[in-house]
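Each remark here refers to the structure printed beneath this line.
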Amino acid sequence: MRQKEINRLTELFLRDYPAKSRFAEAYRTLRTNVHFSFMNKEFRSIMITSAGAKEGKTNTVANLGYTLSQSGKSVLMIDADLRKPMLTTLIPSQGSRGLTGLLSDLFDLNAGDKAVNGEEKIPYLDEKIASDILNIPSGSSDNSDNSDNSDNSDAPSKLFLLPSGKRPPNPHEMLGSKGMSFLISYLTKKFDVVVIDTPPLLPASDALMLAPQTDGVVVVVKAGMINRSLVRKAVDQLRMAKANLLGVVLNSMDSRKEGYYYYYNKKYYSKYYSGYYGKYK
50 MRQKEINRLT ELFLRDYPAK SRFAEAYRTL RTNVHFSFMN KEFRSIMITS AGAKEGKTNT
110 VANLGYTLSQ SGKSVLMIDA DLRKPMLTTL IPSQGSRGLT GLLSDLFDLN AGDKAVNGEE
170 KIPYLDEKIA SDILNIPSGS SDNSDNSDNS DNSDAPSKLF LLPSGKRPPN PHEMLGSKGM
230 SFLISYLTKK FDVVVIDTPP LLPASDALML APQTDGVVVV VKAGMINRSL VRKAVDQLRM
290 AKANLLGVVL NSMDSRKEGY YYYYNKKYYS KYYSGYYGKY K
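According to our numbering, the sequence shown is numbered sequentially starting from 50.
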């Protein structure tokens with residue numbers, strides 16, 4: 050990777066933050082809370098979304114994925130935000146065709162009920178997936194709770210990304226296809242945890258198509274960003290979609306008070322969803 054690309058990853062992940070920092074501890078707490086949410090049940094897939102734009106969901110995906118991988122799990126992040134794929138923008142795609150390329154290759158998305166059957170064998174599926182998934186350098190493993198401070202920076206990274214790929218004309222239909230459902234099920238057998246980034250709930254219904262296909266959903270809310278009634282509306286939509294709502298992450302609180310501060314990119318969604326919030330002012 051070029052130095053510019055490494056700097057991007059440094060901004061996105063926790064690697065430059067001390068293990069005992071409030072920022073890093075907030076994500077470890079989130080990791081622990083996700084585990085507790087499932088109690089004794091094993092979880093393999095989790096969707097991260099938000100009610101509106103610019104609330105920090107993409108950074109939450111990146112750092113939850115990073116923190117899970119530091120605990121020894123193999124973690125695949127999927128950028129399923131096909132409208133404004135911020136995760137793909139922040140992490141170099143290195144020629145990957147991404148999620149849309151993979152789906153287009155493997156599944157006939159126009160076949161309706163004749164789309165791929167979950168039991169069907171697809172030739173070279175592992176090879177196709179391997180060519181489109183990126184291994185993300187993640188630094189040393191998390192030893193914050195371990196007295197052994199040995200450097201594990203040479204250990205293979207367990208963090209991976211499936212970029213979004215080219216934007217399709219039909220993101221809603223693509224994410225709601227049987228092919229997508231099959232792919233999520235297939236990938237959860239290949240990785241310990243799959244973390245999925247989606248578009249916000251209120252501007253688009255894409256996330257509602259994916260939510261019931263995952264083991265759990267977390268909603269990210271930026272403090273002071275959006276009206277509570279809109280958050281409730283988003284939560285109600287998830288419940289109507291039969292999603293397993295794990296909880297809400299309150300983002301960008303005053304670090305002096307709560308210890309939660311998540312970086313977000315100010316340009317994220319600003320053009321694509323410009324004017325959306327005006328409807329609710």
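We put the CB at the ideal spot given by N, CA and C, even for glycine.
Asked, Found
"Per DSSP, which residues does PHE209 bridge with? Please list them.", "LEU125 and ASN184"
"Under three-state DSSP, which class holds GLY228?", "helix"
"Check ILE233 in the structure and name its three-state DSSP category.", "helix"
"Which term fits THR81, buried or exposed, when burial requires 16 or more other beta carbons within 10 angstroms of its beta carbon?", "exposed"
"Using the DSSP secondary-structure output, state which residues sit across from ILE178 in a beta bridge.", "Note: ILE178 sits in no beta bridge, so no partner."
"Identify whether SER301 lies in helix, strand or coil by the three-state DSSP scheme.", "coil"
"Any chance you could list the beta strand (DSSP E) runs of at least 3 consecutive residues sitting entirely within the segment 258-297, in chain order?", "265-271"
"According to DSSP, simplified to helix, strand and coil, what is SER99?", "strand"
"I believe ALA290 touches THR98 by the beta-carbon criterion, under 8 Å. Please report the beta-carbon distance rounded to the nearest angstrom.", "Not a contact, Cβ separation roughly 11 Å."
"Look at the alpha carbon of SER301 and the alpha carbon of ALA260, and state the distance between them as a whole number of angstroms.", "24 Å"
"Pull up the distance between the alpha-carbon of LEU113 and that of SER153, whole angstroms please.", "29 Å"
"What residues are listed by DSSP as bridge partners for ILE245?", "MET96 and ILE127"
"How far does the alpha helix (DSSP H) with ALA337 in it extend, from its first residue to its last?", "Any answer about residue 337 is impossible in this case: the structure gives the chain only from 50 up to 330."
"Do the segment 116-129 and the segment 233-247 touch if we need at least three Cβ pairs shorter than 8 Å?", "yes"
"Could you tell me the alpha carbon to alpha carbon distance between PHE92 and LEU295, rounded to whole angstroms?", "12 Å"
"Enumerate in chain order the residues of its own chain whose CB-to-CB distance from VAL270 is below 8 Å, with the five nearest sequence positions on each side excluded.", "SER99, ALA100, GLU104, VAL280, VAL297, VAL298, LEU299 and ASN300"
"Report the CB separation of ALA253 from ARG132 in whole angstroms; it is logged as a contact under 8 Å.", "6 Å"
"Taking LEU136 as part of the alpha helix (DSSP H), name the residues at either end of that continuous run.", "135-139"
"Using only the alpha-carbon positions, how far apart do VAL83 and PRO186 sit?", "24 Å"
"Tell me whether GLY214 sits in a helix, a strand or coil according to DSSP, three-state version.", "coil"
"Is GLY150 helix, strand or coil by DSSP?", "helix"
"Rounded to whole angstroms, what's the CA-CA distance from GLY167 to LEU232? Just pull it up for me.", "Confidence is the limiting factor: at GLY167 the pLDDT is only 46, short of 50, which leaves the residue's position unreliable and the question unanswerable from this model."
"Quick check: what's the CA-CA separation for GLY150 versus GLY228?", "12 Å"
"If I measure Cβ to Cβ from ARG146 and keep anything under 7 Å in the same chain, skipping five residues before and after, which residues do I get?", "ASP181 and GLY214"
"Around the C-beta of ARG77, are 16 or more other C-beta atoms found within 10 angstroms, so that it is buried, or is it exposed?", "buried"
"Any idea what DSSP makes of GLU91, helix, strand or coil?", "coil"
"With distances taken from CA atoms, which of GLN119, LYS106 and THR237 is nearest ASP175?", "THR237"
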